[in-house]
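When we follow our numbering, the leftmost residue of the sequence shown carries the number -9, and every step to the right adds one.
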Amino acid sequence: MRRSLLLVVALAVVAVAVPAARAAQPAGPVGAIDNLTANTVGRTVELRWSAVRFPGGATDAAVVVERDGRPAGRVAPASPFVDTNVLPGERHRYAVHAEATTGKRQQSWPAASASVQLPAYAIGAATADITPTGLTNLGGFGLGDGRLFPDAVVGRGGQAKPAGEHIRARAMVIDDGRAAVAIAVIETQGMFAAYEDGPWGLLDMGKRVAKDIPALPADHIIIATDHTHSGPDTIGAWGGVPDSYMKFIADQMVGAIEQAFNTRQLANLWEGDSDASDLIYNQACTEALNQSPTPDYPGPSVCATPGKDGIVRALQARTPSGTPVVTYMAYAAHATAGGGNGIHGDWPQFVSDAMAAEYGGVGLAMEGANGGTQPCRPTCAFTEPSNPGTKIKDRKPAIVANYMAHVRDALAHASIVEGPVTGAQEFIREPITGPAVLALFTAGQYAGAKLLRSHESPWVVGTTIRTVVSSVRVGPVVFAGTPGEGFYAIGAGVRRAVGDRTEVIQLGLANDQLGYLIAPVGYVPVIAAEVAVNDNIIFNVSPTIGDHVMCTSIELTKRLGLDAQTPAPCAPYNAADAAGDPLGAVPLGGVVAG
-9 MRRSLLLVVA LAVVAVAVPA ARAAQPAGPV GAIDNLTANT VGRTVELRWS
41 AVRFPGGATD AAVVVERDGR PAGRVAPASP FVDTNVLPGE RHRYAVHAEA
91 TTGKRQQSWP AASASVQLPA YAIGAATADI TPTGLTNLGG FGLGDGRLFP
141 DAVVGRGGQA KPAGEHIRAR AMVIDDGRAA VAIAVIETQG MFAAYEDGPW
191 GLLDMGKRVA KDIPALPADH IIIATDHTHS GPDTIGAWGG VPDSYMKFIA
241 DQMVGAIEQA FNTRQLANLW EGDSDASDLI YNQACTEALN QSPTPDYPGP
291 SVCATPGKDG IVRALQARTP SGTPVVTYMA YAAHATAGGG NGIHGDWPQF
341 VSDAMAAEYG GVGLAMEGAN GGTQPCRPTC AFTEPSNPGT KIKDRKPAIV
391 ANYMAHVRDA LAHASIVEGP VTGAQEFIRE PITGPAVLAL FTAGQYAGAK
441 LLRSHESPWV VGTTIRTVVS SVRVGPVVFA GTPGEGFYAI GAGVRRAVGD
491 RTEVIQLGLA NDQLGYLIAP VGYVPVIAAE VAVNDNIIFN VSPTIGDHVM
541 CTSIELTKRL GLDAQTPAPC APYNAADAAG DPLGAVPLGG VVAG
């Protein structure tokens, strides 16, 4: 009985196994390449096909691939073919056929073909945590570390510990196969191009990346800060931070840019914008009197220095499968919105994290033309009630809701970006005529407000200061880096010069931080008269620096391959730039008391 039962079980197993084995045999004609697909995967093209059926007894079976009529490779029949020799924007046609030896004869079968259009760019993004430990001096509010100025005159800078928020260095790299650019942000109050006590300036970071990755030149890199007034004081005007922390920030930023470069994926880039003018106010306009949700000023709208950039500009890189690599936005709200806990990066950090959470990939938000503007916190009297944050009580989620609504709106009607990638920089020199800035440079250390910027030539010579203006181009999009808190007129002037076909994204605090870049120069007396209600004139290096930066930015667009009309008032600035920087060769640094 037991033997009969075993026989029945064995027959059942055979009965089940035979159909399964037959089902595993490839279908279709002998030697046919069926269901051929060509898809981008990372920075490669991957070809796949159904299992190939070969004649019985065939040997040396293989699949042969040609690309654009030339041999590309030979793989085992069950293996995909991965083409690593591709560049963004290319189009390729692949012909794939099977071959084998049957008996003593080499035999091949008809080819199948597939074409692929690669995205215009290879794009990568990465972040690195830079949250400090312990009690940290914060930059932005007040002045000094409390050793000199009494609170009755000016409060000392704030201090805080981490309390659950994480500030980061964030970067994205865009590569068109011929050149690459990097755009990055550090979530601190501000950072200088060069420092007195070590090689951790923003330009030092760019040089480190360029040394490690020659395909990413230093003048193709813009590193800005997000200007949070609740982040570490990397300027020094509020007591500063240890050198060890400065080095840590630099290492993390360099690492994030290099990781972004090394993890590039073929991706399409989309760009759009959304009008969020009702979420910020011009400090020189009567709208500044209506910062509260209920109006305090019912009179007519008056602006002593008109203009603000209320546009949210957003970009998103997506793989051909639709997966976001990075979502980017820039907006002109000063990073004084608040709402976070302890040390935090203010709204750029909040929105960066929100974009990453909603879309996946990396989120990267940056300051735009933030000179002379402040954010509604979270709504002003003139804020449209349709903004979702008007229904949210807590400030942080309300601000995030408002800004994210505009990111979604911008991406909902975004256009694809295509075209060359390149970058350029120009060094400029300005006199230090602002008395407060000059005092901080010469004697700030005695007030607990020692500016950490390099006092050595070429960065400071006598009472002149050198800085850098930076621009990178991605197709019809120009990122115009301004070395401080640039006024709206800077970006507006560049837009007029290049015309409507180019989108200009003005970036604040890019590759340096020299305070407010007031423009046009005619606004300076008006801004000075407002000293009792805002600090724009106090932290202004010189009356002409804003116009100088604008004119240099316009000239840089020409180096980027764009047609630009130079305004007549730019002639003296351009002449000075064309002469180079002869003062930079003078081995005399800045004047420092004591």
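Every residue, glycine too, gets a C-beta built ideally from N, C-alpha and C.
Length of the line joining the Cα atoms of residue i and residue j
| i | j | result |
| --- | --- | --- |
| Gly434 | Phe529 | 13 Å |
| Asn517 | Ser532 | According to the sequence shown, residue 517 is Ile rather than Asn. Straight-line Cα distance between these residues: approximately 13 Å. |
| Leu504 | Ala214 | 12 Å |
| Val427 | Leu441 | 9 Å |
| Val237 | Asp286 | Here residue 237 is Lys; the residue named in the question, Val, does not match the sequence. Their backbone Cα atoms lie some 47 Å apart in a straight line. |
| Gly312 | Pro78 | 17 Å |
| Gly335 | Asn526 | 21 Å |
| Ile164 | Val464 | 8 Å |
| Asp263 | Met319 | 9 Å |
| Phe251 | His538 | 32 Å |
| Gln96 | Met345 | 57 Å |
| Thr224 | Pro61 | 56 Å |
| Ala14 | Arg308 | For Ala14, the predicted model reports a pLDDT of 47, less than 50, meaning its position is unreliable; a value from the coordinates is still stated below. Rounded to the nearest angstrom, the two C-alpha atoms are 37 Å apart. |
| Cys366 | Leu578 | 45 Å |
| His210 | Asn29 | 30 Å |
| Val199 | Val468 | 22 Å |
| Pro204 | Ala569 | 28 Å |
| Gly483 | Glu56 | 51 Å |
| Ala246 | Lys201 | 15 Å |
| Val65 | Leu125 | 60 Å |
| Ala400 | Ile301 | 10 Å |
| Ile422 | Ser460 | 21 Å |
| Ala566 | Gly361 | 25 Å |
| Gly188 | Gly130 | 23 Å |
Extent of the continuous beta strand (DSSP E) run through residue i
| i | result |
| --- | --- |
| Asp567 | Run containing Asp567: none in the beta strand (DSSP E); it sits in the alpha helix (DSSP H), Ala561 to Ala568. |
| His217 | Neither: His217 is in no beta strand (DSSP E) and is coded neither H nor E. |
| Pro61 | Arg60 to Val65 |
| Val576 | Here Val576 belongs to no beta strand (DSSP E), and DSSP marks it neither H nor E. |
| Arg83 | Arg81 to Thr92 |
| Gly471 | Val467 to Gly471 |
| Ile495 | Glu493 to Leu497 |
Residue nearest to residue i in terms of C-alpha spacing, selected from the options
| i | options | result |
| --- | --- | --- |
| Gly574 | Val458, Arg419, Ala470 and Gly498 | Arg419 |
| Pro473 | Asp216, Arg303, Gly551 and Arg486 | Asp216 |
| Gly551 | Gln364, Pro466, Leu259 and Ala558 | Pro466 |
| Val352 | Ser98, Ala115, Gln97 and Arg57 | Ala115 |
| Gly615 | Pro288, Gly424, Leu354 and Ala437 | Because residue 615 is not part of the residues shown, which for the chain are -9 to 584, the question remains open. |
| Ala90 | Arg60, Asn75 and Val20 | Val20 |
| Thr178 | Ile406, Glu357 and Ala400 | Glu357 |
| Gly196 | Val292, Pro338, Val523 and Ala414 | Ala414 |
| Asp119 | Pro425, Arg491, Ile333 and Glu493 | Ile333 |
| Ala88 | Leu546, Ala22 and Pro70 | Ala22 |
| Thr369 | Gln242, Ala400, Ala429 and Ile270 | Ile270 |
| Thr253 | Val316, Val450, Asp299 and Ile176 | Val316 |
| Val523 | Pro290, Ala278 and Thr432 | Ala278 |
Rounded distance between the beta-carbons of residue j and residue i, thought under 8 Å
| i | j | result |
| --- | --- | --- |
| Ile481 | Gln496 | As written in the sequence, residue 481 is Gly, which differs from the Ile given in the question. With 8 Å as the limit, Gly481 and Gln496 qualify as a contact, their Cβ atoms being about 3 Å apart. |
| Trp39 | Asp24 | 6 Å |
| Val458 | Ala274 | Not quite, the Cβ-Cβ distance comes to about 28 Å (not below 8 Å), so this is no contact. |
| Ser444 | Val576 | Ser444 to Val576, Cβ: 15 Å. No contact. |
| Val411 | Ala561 | 30 Å between Cβ atoms; not a contact. |
| Ser220 | Gly330 | 6 Å |
| Ala102 | Val86 | 5 Å |
| Gly379 | Ala371 | Contact flag wrong, Cβ pair sits at about 14 Å. |
| Ala359 | Pro338 | Incorrect: roughly 14 Å between the Cβ atoms, too far for contact. |
| Ile113 | Ala257 | 4 Å |
| Ala159 | Ala172 | The Cβ separation is near 12 Å, so there is no contact. |
| Ala153 | Leu26 | The Cβ separation is near 56 Å, so there is no contact. |
Residue range of the unbroken alpha helix (DSSP H) whose run includes residue i
| i | result |
| --- | --- |
| Asp336 | Asp336 to Tyr349 |
| Leu305 | No alpha helix (DSSP H) holds Leu305; the beta strand (DSSP E) holding it covers Ile301 to Arg308. |
| Val407 | Where Val407 is concerned, there is no enclosing alpha helix (DSSP H), although the beta strand (DSSP E) it sits in stretches over Ser405 to Val407. |
| Thr547 | Ile535 to Arg549 |
| Arg198 | Leu192 to Asp202 |
| Asn392 | Arg385 to Ala402 |
Cross-strand partners of residue i (DSSP beta bridge)
| i | result |
| --- | --- |
| Gln364 | Tyr271 |
| Pro421 | Thr454 |
| Asn252 | Answer by DSSP bridge pairing: none, since Asn252 is not bridged. |
| Val459 | Glu416 |
| Met319 | Ala304 and Ala355 |
| Cys370 | In the DSSP output, where bridge partners are listed per residue, Cys370 has none listed. |
| Met162 | Ala115 and Ile173 |
| Gly332 | Pro152 |
| Gln107 | Arg81 |
| Gly476 | Leu507 |
| Val582 | DSSP lists no partner for Val582. |
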